[in-house]
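Chemist: In the working numbering, the protein residues as written are 743 to 817.
Here a beta-carbon is modelled for each residue, glycine too, at the ideal position from N, C-alpha and C.
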Amino acid sequence: MKAVQINIPDSVTLDETELTLMFASFLYQKGELSQGQAAEMAGVSRRTFLENLHRFGVSVFNYPPEDLLQELNDG
Numbered sequence: 743m744k745a746v747q748i749n750i751p752d753s754v755t756l757d758e759t760e761l762t763l764m765f766a767s768f769l770y771q772k773g774e775l776s777q778g779q780a781a782e783m784a785g786v787s788r789r790t791f792l793e794n795l796h797r798f799g800v801s802v803f804n805y806p807p808e809d810l811l812q813e814l815n816d817g
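#1: Are the CB atoms of Gln-771 and Val-800 within a distance shorter than 9 Å?
#2: By how many angstroms is the C-alpha of Val-786 removed from the C-alpha of Met-743?
#3: To which residues of the same chain is Ser-776 closer than 8 Å at the C-beta, ignoring the five residues directly before and after it?
#4: Pick from Glu-808, Asp-816, Met-783: whose alpha carbon is nearest that of Phe-765?
#5: Rounded to the nearest angstrom, what separates Phe-768 and Asn-804 at their Cα positions?
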């Protein structure tokens, strides 16, 4: 994995673990990472990752609505 260093203002009260989980959730939502990859990046189990997605407004079901509608129409 790549390591990235960022500077965060002192006013941000989130710790490193929380920030990593937030960023992994964002990358999962964007489709850049699978659930397993995002969990690994965050350093948590897949279950823990999934249980925390709601905290960042990310759905467990990373499935575009258009694809779902298409499947419903095809089925």
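Modeler: With the structure as the only source:
#1: yes
#2: 15 Å
#3: Tyr-770
#4: Met-783
#5: 11 Å
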